[in-house]
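Mind the numbering: the sequence shown is residues 17 to 716 in this note's numbering, read in order.
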Amino acid sequence: MSDTLGYKRLIMDYHFSDFVPGTLAEADANDTVHACVQTGADSVLVYAKDHWGNCYYATDQYPRHPNVPQDLFGEILAGLAAEGITGYAYFSVGWDEHAVRAHPDWAMRCADGAPLRRGAPPDDQTTGRWTFLCLNSPYRDYALDQIREIVAQYDFPALFLDIVFLLPHYPPCTCDHCRALWAKIHDNALPDTITPEFLDFAFAEYGRFFRQVKAIIAASGKSIQITHNFGLPYDEDDYVAFEINPLGRNYLRGSASAKIMRAEANGRSVELIGHRFNQDWDFTTKSPVLMRWEAATTLAHNCALMWVDQPNMNGRFDPKAIAAINSSFEVVDDLRPHLADSTPYAEIALLYPTRSILLNPAEEQDFVGAYRLLTELHWPFDVVTEDSLSQTKKPRREEDTKNFPEETSCPSCLRGDSSQGTHTLTTNKLHNYQLLIIPTAHFLLPQTQTAVTHYLQNGGHLFFTGSTAGGLGLVEIGDPLPHPASFILPDAAFKLHSAHLRVTESWQFTARGETAVHATTVLPNITVTGEQWVSHNVAPGAETGLAAVVSGEMGNGRYTYAAPRLFAETMRQNLPAIKHFLTALLRQLAAPTIWVEAPGAVEATFNRQGDEWVVCLINGLTGRAAQGGVLYLQQTPDYLTIDEVIPIHNIQVCVRDRLILDAEDKDGNALTITGGETAVSAITLNQLDQYNLIRMELGG
C-alpha cells in the first residue's frame, strides 16, 4: 500500500445543479477543510468537475456552479495542505449534463437511438437521470482539454476519473461516432448487445482515453497517479478503486470486491469506497456500527478506505456524519499497524470470470454463492481473475500498433492473440493453491482454459459447475435440461438432511474417461400446464440414473463437475443441505492447513506479516429482516443493516500439522493454545465483539 494517500481517505461530493435557489450558497473552503480535519482523514479527493459538468477550479472556458467561489478547488487544496492533509483531484468523465444538453450528439445511444441514461422508472420522482457521454465523440477532446487545464494550473498527487465503466445491465453505445469507429476495424455491424468482440472494442477505447490522460500528465512534467471508477480495463491505473456500499442487500460485497480488486491490481494499491449514506445518496447517515464494520472489513484485506460524504444543500457539512466517519477511521487506526505491509495467505482460489459475467450477468450469482460458502467455512481463500494470472504486460511499442492507429486501436485479448504479451496466462499462481473453483462461466479466455489444463495435469484440483467453458475438455456438455425445475439425488453416503435437492438449471453431459458419480438427475413428476398439475409444486419423479455430479482425474490432478449451478442454488434457496453437499465435495479436493471454527456470521481473513501469521476476525451480524406487512405482505423493499454487536464466544483458529508457538490478540493479550500433541492445534479467542485479530507464530 502506497503511503501517498494514506489508509483514511475522504471524498466530499459536489453533484448539485442550480435548479434550487441558494444551492451551495454557503460553500466555503475553510468550512470544508475544517470538516475534513474533524474526520481524521489522511487525504481528501477534491472536486474539479462534477456530474453536471460544473467546474470548481478557476476557468474562463467551462461551466461553473454559479454559487461557489471562483476557485473553490484551489482554495480547498491549499487549506488541506496547511493542515498536513493530502488533497487530490476528482473529475467526472462519463457524466457531464451541461455538455450533453449543449451537444446531444455526444450522448451514448441505445439501439433505438435514445440517449443512454441512468435508469429510473418513469414515475420515480427521487432518482437522478444522468446521461452517459460517449468518449468516441468530440466529448473526448472536450474532457481532455479540461484535464489539461487542471493539470497545468494545480499541483496534486493523483487524479480520480469517475464514471468510466462498462456495466452489463447497460447496452453498448451505438451512436454514429461508435459506428464509424467500429467500421474502420470491422466488417460486420456494431452489435447492440454486449459480445466478446464489443468488449474488445470498448476496452481498447477506454484504455486509449487513459493513455491520453497520462500523456497530458507526462507533458506537464508532473508526477500524478491516475485511477478510475470502476471496471475493466485496469492496465493504466496506478492504483485500483471500487465502490463497496452494501445498499442493505449484500454484506459480502466489500469483502469480495477487495479480493477481486486485489487480483486486478496485481501488487498495486487498492482503495475501497464506502458511502456514509444509508441508501443511495439519501442524506441520512448509515448506522455507525455498520460504518465501523465496513472499515474493519476494508482493513482486514489491507485496502485503503475512502468515505463518500456530500454537503447539505447550503454547502455546509452534517456534524453527525463527520462524527460517524471519524469513528470509523478509529477502526482503521486500530487495525492498520497489524495489517500494513501484510501479505494475503490462501490455499484455495476462486475465479471471478469478469468477461463471462459482462456477457451474462446472471452468472455472477454463482460466484457470490461460492464466495459466501467459502467465507462461512472460514477457509483461507482468495479471488483470482483472468488478468491477475497474466504475465507482466509488455510496454506498448510503435510496431505493435502500426496497423491499428491510436484512434482505431483494436486489442486482441478476447480473440486469444497474445502477440503483444497481453493476457498471456501462466500457471505459476495457480500452483500455489490446493484447489481452483470456477463457478459457472460460459466464456473463458483460451489462455485461461490452457492454464487450467496445465494446472490439472501437474497435480492441481478443480471444481466447476454448469456450462463452464464447454466443460473445459473434461466433460462434454450438451443441452440444458428442458425443465424449469428438476432434482438431483445425492449419494446416501453424504448423509444430507434432504433426500433430494431441487435445481432450476442443469445440463446434460457426457463424461470423458472414468468418473465417480456423486449424484444423479431426477426429473420432475409432471409438466404443469393451464389444465394439469399434481399439487402446489412439482415433486421428484422418474429417477433417470444419469449422472449429475461426477469426479475424475486428468494427469496428476483431480476434478469435480456439477451439472447444476449449485453455487447459485445456495443463494436462491439458502438450503443447508446444498451447502453441506458442496462442502463435502470440496473436502474431497482440499484439506486446508489453517482455518477458523466460528459461526457463519464471522468473516476471517488470513495474512502473513513478516514471520507472523495474522488472522483478522469480523463479526457481521445484521438487523432482523422485515419485508413489509404481516398478515398481508406488501411489496416494499427490505433493507438490512448492521445495527448492533452481539458478542460471539469461543472462536478457534485451527492449524494442521504445525505447532503454534505463541499467540495474542490485537491488544497484546496472550491466548490459550491447545492440542500441541495432536495433528491439529488450536487457539481460542474467548469473545469476539465487532472485530479482533490473532497474531501467532508457528513452528515446523
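C-beta: ideal position from N, C-alpha, C; glycine also.
These numbers come from a predicted model, not from an experiment.
Measuring CB atoms only, is the region 134 to 144 touching the region 87 to 97, in the sense that at least three cross pairs come out at less than 8 Å? no
Which class does Ile163 belong to by DSSP, given the choice of helix, strand or coil? helix
Identify, in the order they occur along the chain, each residue of the same chain with its Cβ nearer than 6 Å to the Cβ of Val533, setting aside the five sequence neighbours on each side. Ala563 and Val566
Can you tell me whether Gln14 is buried or exposed? The criterion is at least 16 other CB atoms within 10 Å of its CB, across all chains shown. This structure leaves residue 14 out entirely; the chain is present only between 17 and 716.
Please list the segments of the beta strand (DSSP E) lying wholly inside the region 475 to 549, counting only runs of 3 or more residues, in order along the chain. 477 to 481, 491 to 496, 502 to 506, 517 to 519, 523 to 527 and 531 to 540
Going by DSSP in three states, Thr20 sits in which element: helix, strand or coil? coil
Using a 10 Å radius around the Cβ and a threshold of 16 neighbouring Cβ atoms, would you call Tyr648 buried or exposed? exposed
Per DSSP, cross-strand counterpart(s) of Gln241: Ala174
Measure the CB-CB distance between His665 and Asn702 and report whether it falls below 8 Å. yes
Let's test the definition: count the other Cβ atoms within 10 Å of the Cβ of Gly103 and tell me whether it reaches 16, buried, or not, exposed. buried
Where do the ends of the alpha helix (DSSP H) carrying Tyr471 lie? Pro462 to Gln473
Between the CA atoms of Ile594 and Ala558 - distance to the nearest angstrom: 21 Å
How is the alpha helix (DSSP H) around Lys200 delimited, first residue to last? Asp192 to Ile201
Residues in its own chain within less than 7 Å of Asn448 by CB, not counting five upstream and five downstream? none
Report the rounded CA-to-CA distance for Lys230 versus Ser153, giving the unit in angstroms. 20 Å
Would Leu517 and Pro506 be called neighbours here (beta carbons separated by less than 8 Å)? yes
Which listed residue (Pro207, Ala279, Asp382 and Thr55) has its alpha carbon closest to that of Leu446: Ala279
Specify the secondary structure class of Asn572 as computed by DSSP and reduced to three states. coil
So, using beta-carbon positions, are Ala105 and Phe172 closer together than 8 Å? yes
Residues near Leu177 in its chain [Cβ-Cβ closer than 8 Å; skip 5 each side]: Phe107, Val109, Phe226, Val229, Ile242, Thr243, His244 and Asn245
In the region 114 to 166, which residue ranges form an unbroken beta strand (DSSP E) of at least 3 residues, counting only runs that do not cross its ends? none
Compare the C-alpha of Tyr170 against each of Leu512, Val62 and Glu252 and name the closest. Val62
Below 8 Å between beta carbons: does that hold for Met587 and Gln381? yes
On the CB-based measure, 16 or more other CB atoms within 10 Å of its CB, does Gly494 come out buried or exposed? exposed
With respect to the alpha helix (DSSP H) encompassing Ile667, which residues constitute its N-terminal and C-terminal limits? That residue, Ile667, is in no alpha helix (DSSP H); its beta strand (DSSP E) goes Ile664 to Arg672.
Cut-off 6 Å between Cβ atoms - residues of its own chain near Gly725, not counting five sequence neighbours on either side: It is not possible to answer for residue 725, since the shown part of the chain is limited to 17 through 716.
Kindly identify the DSSP beta-bridge partner or partners of Asp325. Met28
Check each candidate in Ala527, Gly626, Glu530 and His394 and name the one with the smallest Cα separation from Ile667. His394
For Glu414, the three-state DSSP class (helix, strand or coil): In this predicted model, Glu414 has a pLDDT of only 36, less than 50, meaning its place in the structure is not dependable; the value taken from the coordinates is given anyway. Three-state DSSP puts Glu414 in a helix.
Please determine, among Phe148, Thr147, Gly264 and Ala205, the residue with the shortest C-alpha to C-alpha distance to Thr657. Gly264
Under a three-way DSSP split, which group does Phe622 fall into? strand
DSSP puts Met712 in a beta bridge; with which residues? Trp629 and Ala679
Host beta strand (DSSP E) of Val400 (start-end): Phe397 to Thr401
Where does Ile210 sit, in a helix, a strand or coil, going by DSSP? coil
Near His31, what residues of its chain come up, given a Cβ to Cβ distance below 6 Å and the 5 sequence neighbours on each side ignored? Asp66 and His67
Just how far apart, CA to CA, sit Val631 and Thr466? 34 Å
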